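Shown next, in structure tokens, is the structure this report addresses.
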Amino acid sequence: MKITSYAVARPAYGDRNSSSTTNSYLASIGPHAFTIRWTQTIAAGKKCLVETGQSRIRRTTAATVLGDVVTEMIATSGSTDIYVLNGFLYNLAIGAMDRVYIPTVFTLFAGEVFRATTVDLSTGGINEIILSSKGTNYDA
Amino acid sequence: MIIRLALIGSGTRSEPFTIDLPTCSGIVTNETTGRAFADVPVSDVPADVAAFVNAYPTYDLVTPLPVPFPASLANAWAEHLARRYDLGNARWHPVVF
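These protein sequences, in sequence, are chains A and B.
The opening position of the first sequence corresponds to residue 1 in the numbering used here, with each subsequent residue numbered one higher.
The opening position of the second sequence corresponds to residue 141 in the numbering used here, with each subsequent residue numbered one higher.
Here you go:
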């Protein structure tokens with residue numbers, strides 16, 4: 001006689017109505033104020049495992065007056081901001097580059113917001129900026 | 141889908157320029173005209189809003205729409221997002237601009 005337990009294990013997160021979620025921004029851009037480049041909000045009943053992400057800043061045209069060029073990825077829970085990634089370039093040389101990666105995977109819960117921001121405080125000049133992430137959305 | 145929307149915020153760290161949507165990517169802005177392009181998940185856009193966007197295509201961040209975005213569509217979009225995300229008091233009011 002075959003005996004089967006009713007206590008069946010819950011499916012793994014990847015088998016719970018999961019789907020890929022990607023966020024991306026790529027532009028060659030001059031000086032600008034703080035601007036959100038992408039936003040991801042986790043809906044009720046869902047979670048998101050953020051698996052990878054990167055920021056790359058590369059100067060393609062020298063600035064007249066050098067200022068900070070900054071990228072940020074921020075996870076927000078309620079009113080608390082967690083800086084997940086910070087890119088920073090302060091260099092006049094064409095081709096100067098800053099590249100950073102999200103250091104670990106992490107989970108976003110319902111209501112939490114994941115966003116990416118850029119700012120270039122220079123005068124003149126252009127930078128190529130890439131900000132991207134990939135995660136898996138699934139039923140909580 | 142790519143939609144041209146009204147920009148909000150003041151460009152400061154505490155109030156960066158952005159779009160009033162829960163989820164979108166590839167935001168390209170023009171602070172002078174107050175417009176931005178963004179890639180919005182299709183599931184976040186009601187069919188009648190998508191129909192409006194397709195009926196009045198935009199190619200730059202300067203040229204105004206030939207007709208303003210109807211308030212009825214704006215309200216319907218806000219309700220759609222509130223239902224879809226179901227996050228209590230969270231409310232978004234995106235405006236095609």
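A virtual CB, placed ideally from N, CA and C, is assigned to each residue, including glycine.
Computed from a predicted structure; not experimentally measured.
From the beta-carbon of residue 201 of chain B, no residue of chain A is found nearer than 7 Å; the closest lies around 13 Å away. The contact set of residue 161 of chain B on chain A, defined by CB atoms closer than 9 Å, consists of 39 and 41 in chain order. DSSP links residue 98 of chain A through a beta bridge to A:57.
A Cβ-Cβ separation of about 13 Å leaves residue 160 of chain B out of contact with residue 220 of chain B under the 8 Å criterion. In terms of beta-carbon proximity, residue 91 of chain A stays away from the interface with chain B, with every pair separated by 9 Å or more.
The beta carbon of residue 111 of chain A falls within 9 Å of a beta carbon belonging to chain B, placing the residue at that interface. For residue 84 of chain A, the three-state secondary structure derived from DSSP is strand.
A:126 is the residue among A:113, A:88, A:126 and A:104 whose C-alpha sits nearest the C-alpha of residue 32 of chain A. The three-state reading of DSSP puts residue 135 of chain A in strand, counting E and B together.
A straight line joining the alpha-carbon of residue 201 of chain B with that of residue 106 of chain A spans about 36 Å. Distances from the CA of residue 20 of chain A to each of A:9, A:90, A:48 and A:110 were compared; the closest alpha carbon is that of A:48. Under the Cβ criterion of 9 Å, residue 95 of chain A is not counted among the residues facing chain B. Going by C-alpha positions, residue 116 of chain A is about 22 Å away from residue 185 of chain B. Note that the C-beta distance between residue 75 of chain A and residue 121 of chain A is not below 9 Å. For a Cβ distance threshold of 7 Å, residue set 165 and 166 of chain B lies close to residue 24 of chain A, ordered along the chain. By the C-beta criterion, the stretch 78-88 of chain A is judged not to be in contact with the stretch 169-178 of chain B, since fewer than 3 inter-stretch pairs fall below 8 Å. By the neighbour-count definition (other C-beta atoms within 10 Å, threshold 16), residue 193 of chain B is a buried residue. Residue-level contact by beta carbon fails for residue 237 of chain B and chain A, as no gap is shorter than 9 Å. The C-beta of residue 173 of chain B comes no closer than 9 Å to any C-beta of chain A. Shown here for residue 163 of chain B: same chain residues with a beta carbon closer than 7 Å to its own, the five before and five after excluded, namely 181 and 184 in chain order. Every beta strand (DSSP E) stretch that sits fully inside the stretch 11-83 of chain A and reaches 3 residues is listed by chain position as 19-29, 32-41, 46-61 and 69-77. C-alpha of residue 135 of chain A to C-alpha of residue 102 of chain A: approximately 12 Å in a straight line. Secondary structure note for residue 114 of chain A: its beta strand (DSSP E) is the uninterrupted segment 113-120. For residue 155 of chain B, at least one C-beta of chain A is nearer than 9 Å to its own C-beta.
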